[in-house]
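Notes to accompany the following structure.
In the working numbering, the protein residues as written are 1 to 438.
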């Protein structure tokens, strides 16, 4: 809620803590409104599909900002109530997960009990039921929106009263439980300021858990640049929550839920979503952090060999992700084994391609400090290098029609060749540290 300038100027001024807190809450509300501003650009789509006017979209925008603000306020209250005790923090964390899981489970169980073929329609109907609208705070916002759409005054009043009462209760808890919140805010602001400063300087930071489970120590192998592969394996093992790290599990869970909801639409929407999400997940590989450190440049080996050893662990992860993900998705959608194999090969090839495009952009445009421009170049070159596979898929579709596994498999081969080409063009990225310019 506060910036470093707020901490330096407001906290040292002769102003009571509560007015400063109210200022922070108002400032956070402004941030929430700014985040939701892009909803207004969806007016044409929403009007064409749902037939609503611009005033309804304004209501969606304001309610989104209200839910976002309530989330920030709730997070602050939870932090104040639990920051002094690890046991309380664990109780709060698992209680939150349990409440969300119960809400989501109730929606899907109710949707399954409807017995209709259109699962998406069942989920929407289940999420629109009155019990779900009692879920705080997003359920109350939905109640208000439903009241506006259906012109139901009772829903509007009830949702508004519940939301207002919740916000007042949260503010009162902050005032009663922690009037002197300066120390907590100072700590959080310093962490945020350090992360923003590192981002501006082009440095990559990684969140380190408070309690690291070390387990087995030592790399267990490696000689020369090959040591980076074993180093990345150890880092990945320590970051795992189950089979993969938390972020990968979240990505996979989203894709699996999407495939369950749209299972009647076939594999193509799921495949597109998984490849789109992979564009972002590939850029978070451990090799990205390794390239900005000086150690890899000091090893007296060929640049291509060092680069391959830095990428090796990421390639293993890409393959294992694709196999696990599409076996689960294949069971959900009831795909044939050959179709599952084609999807796995296509996703692996896209992972190789996106890794190569990442390196290509770093090799030739690494000196650009404008992050937005770098992202645009990344998407642009990803499309350019993926174009041969897209053209191949379109041509094959004209001949095979329903043999999608053939289309996916051949497109995967073309994609892999494009990815290898980008890797070859970026082979000298580790020859001089100055090329990275970070």
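We put the CB at the ideal spot given by N, CA and C, even for glycine.
Between the C-alpha atoms of residue i and residue j, what's the straight-line distance to the nearest angstrom?
| i | j | result |
| --- | --- | --- |
| residue 130 | residue 102 | 16 Å |
| residue 164 | residue 71 | 14 Å |
| residue 193 | residue 13 | 21 Å |
| residue 301 | residue 364 | 22 Å |
| residue 5 | residue 189 | 10 Å |
| residue 65 | residue 35 | 8 Å |
| residue 75 | residue 252 | 26 Å |
| residue 338 | residue 346 | 12 Å |
| residue 328 | residue 25 | 43 Å |
| residue 312 | residue 387 | 25 Å |
| residue 360 | residue 278 | 17 Å |
| residue 373 | residue 383 | 15 Å |
| residue 375 | residue 385 | 15 Å |
| residue 261 | residue 298 | 51 Å |
| residue 83 | residue 195 | 21 Å |
| residue 425 | residue 416 | 14 Å |
| residue 155 | residue 161 | 10 Å |
| residue 157 | residue 255 | 37 Å |
| residue 87 | residue 73 | 22 Å |
| residue 85 | residue 136 | 25 Å |
| residue 31 | residue 349 | 39 Å |
| residue 191 | residue 1 | 13 Å |
| residue 396 | residue 340 | 18 Å |
| residue 55 | residue 28 | 24 Å |
| residue 152 | residue 57 | 17 Å |
| residue 104 | residue 124 | 12 Å |
| residue 33 | residue 398 | 48 Å |
| residue 197 | residue 249 | 29 Å |
| residue 171 | residue 9 | 23 Å |
| residue 92 | residue 80 | 12 Å |
| residue 351 | residue 18 | 50 Å |
| residue 145 | residue 90 | 34 Å |
| residue 23 | residue 40 | 26 Å |
| residue 16 | residue 316 | 56 Å |
| residue 377 | residue 294 | 26 Å |
Using the beta-carbon count (16 or more within 10 Å), is residue i buried or exposed?
| i | result |
| --- | --- |
| residue 336 | exposed |
| residue 51 | exposed |
| residue 176 | exposed |
| residue 127 | buried |
| residue 276 | exposed |
| residue 418 | buried |
| residue 21 | buried |
| residue 122 | buried |
| residue 38 | exposed |
| residue 217 | exposed |
| residue 44 | exposed |
| residue 318 | buried |
| residue 159 | buried |
| residue 394 | exposed |
| residue 461 | Absent from the model: residue 461. The displayed extent of the chain is 1 to 438, so no value can be given. |
Might you give, ordered along the chain, the residues of its own chain that have their beta carbon closer than 8 Å to the beta carbon of residue i, omitting 5 neighbours on each side?
| i | result |
| --- | --- |
| residue 342 | 404, 405, 406, 407, 408, 409, 412 |
| residue 186 | 7, 11 |
| residue 247 | 281, 284 |
| residue 439 | Residue 439 cannot be examined here, being either before or after the span of the chain that is shown, 1 to 438. |
| residue 119 | 111, 260, 261, 262, 263, 264 |
| residue 42 | 57 |
| residue 266 | 333 |
For residue i, which residues in the same chain have their Cβ closer than 7 Å to its Cβ, ignoring the five residues on either side in sequence?
| i | result |
| --- | --- |
| residue 230 | 219, 220, 221, 222 |
| residue 305 | 225 |
| residue 228 | 290, 296, 309, 310 |
| residue 173 | 77 |
| residue 258 | 270, 273 |
| residue 381 | 357, 360, 361 |
| residue 241 | 249 |
Under 6 Å Cβ to Cβ from residue i, same chain only, skipping five residues before and after it: list those, please.
| i | result |
| --- | --- |
| residue 344 | 322, 323, 326 |
| residue 110 | 126 |
| residue 389 | 411, 414, 415 |
| residue 232 | 286, 313 |
| residue 133 | 139, 142, 143 |
| residue 431 | 303 |
| residue 478 | In this structure the chain extends from 1 to 438, so residue 478 is not present and cannot be described. |
| residue 182 | 11 |
| residue 3 | none |
Can you find a C-beta in chain D that's less than 8 Å from the C-beta of residue i?
| i | result |
| --- | --- |
| residue 395 | Of the protein chains in the structure, only one exists, and it is not chain D. |
Does the ligand COA have even one heavy atom less than 7 Å from the beta-carbon of residue i?
| i | result |
| --- | --- |
| residue 228 | Here there are no bound small molecules, and the ligand COA is not part of this structure. |
Touching by the beta-carbon criterion (3+ pairs, under 8 Å), the stretch 125–140 and the stretch 159–177 = Because the criterion of three Cβ pairs below 8 Å is met, the stretch 125–140 and the stretch 159–177 touch.
inquiry  = So, does the stretch 276–293 touch the stretch 344–362, judging by three or more C-beta pairs under 8 Å?
reply    = Flag = yes, the stretch 276–293 and the stretch 344–362 touch.
task = Mind the definition here: the stretch 55–66 touches the stretch 87–98 only if three or more C-beta pairs lie below 8 Å; say whether that holds.
result = Contact fails: fewer than three Cβ-Cβ distances are below 8 Å.
query = Is there contact here, the stretch 259–275 with the stretch 324–333, by at least three beta-carbon pairs under 8 Å?
reply = Below 8 Å, enough C-beta pairs join the stretch 259–275 and the stretch 324–333 to call them touching: three or more.
ask   = At which residue ranges does the stretch 108–176 contain complete alpha helix (DSSP H) runs of 4 or more residues, listed in the order of the chain?
value = Complete alpha helix (DSSP H) runs here, min 4: 119–127, 130–133, 138–150.
In chain order, each alpha helix (DSSP H) run of at least 4 residues that lies wholly inside the stretch 293–337 = Correct list: 295–298, 303–333.
message = Threshold first: 4 residues or longer. Then list the alpha helix (DSSP H) segments lying entirely within the stretch 370–430, N to C.
response = As for any alpha helix (DSSP H) of minimum length 4 sitting wholly inside the stretch 370–430, the runs are 371–400, 404–425, ordered along the chain.
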